[in-house]
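Same order as they appear, the protein sequences are chains Z and E. Counting from 1, position 147 in the first sequence corresponds to residue 147 in my numbering; the numbering is continuous, with no gaps. Counting from 1, position 240 in the second sequence corresponds to residue 1240 in my numbering; the numbering is continuous, with no gaps. Every residue gets a Cβ at the ideal spot worked out from N, C-alpha and C, and that includes glycine.
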Amino acid sequence: MIEAEALHKRYAARAPRRFARARGEVVAVESVGFAAADGAITGLLGPNGAGKTTTLRMVAGLVAPDAGSVRVDGLDPAREPQAARRRLGVLGDARGLYPRLSARENIVYYAALQGLSREAAHARAEALAEALDFRALLERRTEGFSQGERLKTALARALVHDPANLLLDEPTNGLDVLATRALRETLRHLASPAGGAKCIVLSSHVMQEVERLCDRVVLVARGRTVADGTVAGLCARTGEADFEAAFVRLAFETASA
Amino acid sequence: MNAAWTVFVKELVDALRDRRTLAVVLLSSVAMGPLVLALLSGLVASLEASAERRVVVAVGLEAAPTLRNYLERQGLRAEAAPPEHEARLREGQLGDAVLVVEPDFEARLARGEAPVLRIVSDSSNRRAEAGAGRLARLIDGFDRERALLTLALRGVPSEALRSVDVQATDLASPRGRAAPFTAMLPFFVIMAVLYGALNAALDTTAGERERGSLEPLLTNPAAPWALALGKWAAVAAVAMLIALLGVASLLPARWLIRSETLRALFVFGPAEAAAFLALLLPLASSLSALMMALAIRARTVKEAQASSALLILAVSLAPLVAIVDPAGDRPWYPWVPALAQHALMNRVLRGEPLGAADVAVPLLVGALLTLLCLADLARRLRGAGRG
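And the structure:
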């Protein structure tokens, strides 16, 4: 269960010249709030630069919000980062694998940092490789991995401590059709009772993706939550049959209105 | 603590997997000391050889039988200078200073007109310079003999020519005499440690950020201080390994020394190696921490390299302070990292004993610097996601 309430984040604008003073501020997230339930996939959908990544980083506790609050299973990541991080698996926009380590070593490293024992870590790495179908890659160095292989390894790494909540930033970026399908299956499984009924929050700017995968959609535009509901519900609200048309109306017309 | 250990093991494995970099660093650190020593000893050996060569290279000596007679009585053999000796001296091809004798030398000498003897050398040609001094002393002897003879013929006692009796006492210990040649070794060992740690230090900090693996790492429940501690321990371990290998490579270096005298003077046994390590290990630890604290501020490895270039420059210039300063070791030297180690390692090479205080001050400075940099690193890591 992840709850975010009225999150707000602004950064000092980068100075135009090296020694010039920074001028003003850039608001990355104006006010974003949502509640993601367990056993469901919640999608943050929005155009580029809408503030999705910053929102996810605030939820992950990597960035402290200037205003608003985050609760991960009732824990505040800003106050209890350790406890909150144990309940959270994060797949950031940068996959960030260690190229000189094998896929197994990458996964086991995170498992150890999460406090798993050696045996448990290796068993978990093997189980995840089996589930995500990259068993053959396990002992290879990640140096020459393709996008899809990288994603699988990074996802396994994020899942290694079996977190109840999962944050995914643009998980299908750079994946081909087959890999995207496989990922979709995996995520559906993880959200189902058989997969642990996890609370999954993912961000995307691809609406077909969100339409196919997400149980609920949170529309983010210009740093604000503009709509929230199921795909069918959002379509009904705008009176559009097509989700894309509904998205455009909600994201661009409401925001400018 | 478990997390710090996990990070340490991972970073060490990662650093040791970087075979190519590691091989270059190891090769240069292990080979550098002995190589420099071998080259220096080659120079010393050739200086010694020309000192022992009982030869005077001269132009027009046939016009000066008196001088020739004197030289032969000193057991020296005259050799005609090769053609174009000036150009060859300038280019360093000729390793002997050349004595140029005027054609009317003998006649002017007989008339007491002080004929001119020119000693031709090039001060940038080290071998010739050493010979020039010897040649000057030789001619001085000839001059004195002529004067004594002239005075003796007139009934003046030879003591009248010597109002003082000059006696030189060399206070340098036998090993101190080798110091001009071995003074560069501590510098090379320090630089090897610095370069050895450089790659690992940059890779675990700025490299982590550049690869995009820093943010995922920070989503783990491990505390920032544990990450900083583990990373630093791995980098320091690599730096210390280089220090160990560099120092160990000096142990057999004696056998590479070609000059007999230098070999006798250069004493580097287990005691000296232990003293070197006592000085180098704290330095390795603090330099690693310092480089990491600098590098974590950078967004890319390239940016970090620029800032560490400054550090490397500072460390390589530090020994120059001791060389340029004519007053010898100052009381504040031990408080300056790199400079302290350089000065103290040279004392070890000169065979002077090190007291506990000599080792304690740099150790204290190193420990403090390490702690400060680690605290800064941990603070930066905590805020890394918030940039």
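Per DSSP, what are the beta-bridge partners of residue 259 of chain Z in this structure? Here chain Z has residues from 1 to 257 only, and residue 259 of chain Z is not among them.
Less than 9 angstroms between the beta carbons of residue 1193 of chain E and residue 1242 of chain E, yes or no? It is a contact, given that the beta carbons lie within the stated cut-off.
If we define contact as Cβ-Cβ less than 9 angstroms, is residue 1381 of chain E a contact residue for chain Z? No, residue 1381 of chain E lies away from the interface with chain Z (no Cβ there is under 9 angstroms from its Cβ).
What does the Cβ neighbour count give for residue 176 of chain Z, buried or exposed, with the cut at 16 atoms within 10 Å? Classification of residue 176 of chain Z: exposed, given that the 10 Å Cβ count is below 16.
Residue environment, residue 54 of chain Z, which counts as buried when at least 16 other CB atoms sit within 10 Å: Buried is the label assigned to residue 54 of chain Z, since at least 16 other Cβ atoms lie within 10 Å of its Cβ.
Name the chain E residues whose beta carbon is nearer than 8 angstroms to that of residue 92 of chain Z? Chain-ordered, the chain E residues with CB closer than 8 angstroms to the CB of residue 92 of chain Z read 1212, 1215, 1216 and 1219.
What is the rounded straight-line gap between the Cα of residue 1009 of chain E and the Cα of residue 1237 of chain E? Approximately 11 angstroms between the Cα atoms of the pair.
Residue(s) in a DSSP beta bridge with residue 1119 of chain E: E/1099.
Looking only at C-alpha atoms, which of Z/200, Z/155 and Z/199 sits nearest to residue 289 of chain Z? In the structure as shown, chain Z begins at 1 and stops at 257. Residue 289 of chain Z is therefore absent and cannot be evaluated.
Touching by the beta-carbon criterion (3+ pairs, under 8 angstroms), the stretch 1268-1284 of chain E and the stretch 1331-1342 of chain E: Enough Cβ pairs lie closer than 8 angstroms, so yes.
In whole angstroms, what is the alpha-carbon distance linking residue 1026 of chain E and residue 1255 of chain E? Near 21 angstroms, if we compare the C-alpha coordinates of residue 1255 of chain E and residue 1026 of chain E.
Identity of the residues DSSP links to residue 88 of chain Z by a beta bridge: Per DSSP, Z/165.
Residue 171 of chain Z beta carbon less than 9 angstroms from that of residue 91 of chain Z: Against a cut-off of 9 angstroms, the Cβ pair of residue 171 of chain Z and residue 91 of chain Z comes out as a contact.
Should residue 124 of chain Z go down as buried or exposed, given a rule of 16 or more other Cβ atoms within 10 Å for buried? Buried, since its Cβ has 16 or more Cβ neighbours within 10 Å.
DSSP has residue 9 of chain Z in a bridge; who is on the other side? Answer is Z/29, bridged to residue 9 of chain Z.
For the beta strand (DSSP E) that contains residue 1271 of chain E, what are its first and last residues? Here residue 1271 of chain E belongs to no beta strand (DSSP E); instead the alpha helix (DSSP H) covers 1270-1295.
Can you round the beta-carbon distance between residue 243 of chain Z and residue 207 of chain Z to whole angstroms, since I take them to be within the 8 angstroms contact cut? About 6 angstroms; that satisfies the 8 angstroms criterion.
Closer than 9 angstroms, CB to CB, is residue 1017 of chain E near chain Z or not? Cβ-Cβ to chain Z under 9 angstroms: yes for residue 1017 of chain E.
Whose C-alpha, out of Z/24, Z/26, Z/27 and Z/52, is nearest the C-alpha of residue 34 of chain Z? Minimum Cα distance to residue 34 of chain Z is reached at Z/52.
Going by DSSP in three states, residue 1084 of chain E sits in which element: helix, strand or coil? Reduced to three states, the DSSP call for residue 1084 of chain E is coil.
Taking the alpha-carbon of residue 103 of chain Z as reference, which of Z/116, Z/66 and Z/160 has the nearest alpha-carbon? Comparing Cα positions, the closest option is Z/160.
Do you know how far the Cα of residue 1355 of chain E is from the Cα of residue 995 of chain E? Past the edges of chain E, shown from 1001 to 1387, lies residue 995 of chain E, and the structure says nothing about it.
Does residue 1025 of chain E have its Cβ less than 9 angstroms from a Cβ in chain Z? Chain Z, which has no Cβ nearer than 9 angstroms to the Cβ of residue 1025 of chain E, makes this no.
Contact check, residue 205 of chain Z vs residue 65 of chain Z under 8 angstroms by CB: the rounded distance? Contact between residue 205 of chain Z and residue 65 of chain Z is ruled out by a C-beta separation of about 22 angstroms, above the 8 angstroms threshold.
Which of helix, strand or coil DSSP assigns to residue 68 of chain Z: The answer is strand: DSSP assigns residue 68 of chain Z an E or B state.
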